[in-house]
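Accompanying notes for the structure given below.
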Amino acid sequence: MLYRMQAGICRVLAHPRRLQILDLLAGGEKSSQELERELGISKMNLSQHLALMKHVGLVESRTEGRAAFHRLAFSEIKDACGMIRSVLAVRLKRGSELARSLR
């Protein structure tokens with residue numbers, strides 16, 4: 046059961062736009078309008094991404110009047126994404142070192 050839940054989260058994370066949304070929300074709560082503007086995407090597109098992220102428990106939302114605000118459900122999400130980026134940075138560095146050694 047736990048592996049299925051983890052796989053569901055990984056499927057949602059497997060989209061660059063959703064990773065961008067998480068990165069923006071790592072800086073704190075944002076309104077839908079702020080996210081639309083910063084990402085350059087439509088309200089409908091943002092809504093679809095947020096719905097998937099809420100479904101697996103990555104994001105929480107609240108409304109205030111007619112405005113919707115979104116935040117990370119858990120601060121650990123920010124840490125997990127940071128660890129993956131760190132691994133990628135090391136991998137890219139190793140790749141560039143290998144490319145230089147082959148010249």
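Add 45 to a position in the sequence shown, counting from 1, and you land on the number used in our numbering. By construction, the Cβ of each residue, glycine as well, lies at the ideal position given by its N, Cα and C atoms.
- Taken atom to atom, the span from the alpha-carbon of L97 to that of L137 is near 30 Å.
- In summary, V135 is exposed, with fewer than 16 beta-carbon neighbours lying within 10 Å of its beta-carbon over all protein chains present.
- Remark: C-beta atoms of R111 and E74 do not approach each other more closely than 9 Å.
- In this structure, F114 keeps its C-beta atom at 9 Å or more from the C-beta atom of S87.
- In this structure, the CA atom of I122 is about 20 Å from the CA atom of E83.
- Annotated as distal: R130 and H94, with beta-carbon spacing of 9 Å or more.
- Judged by DSSP in its simplified three-state form, E105 adopts strand.
- For H60, no beta strand (DSSP E) run applies, since DSSP gives it neither H nor E.
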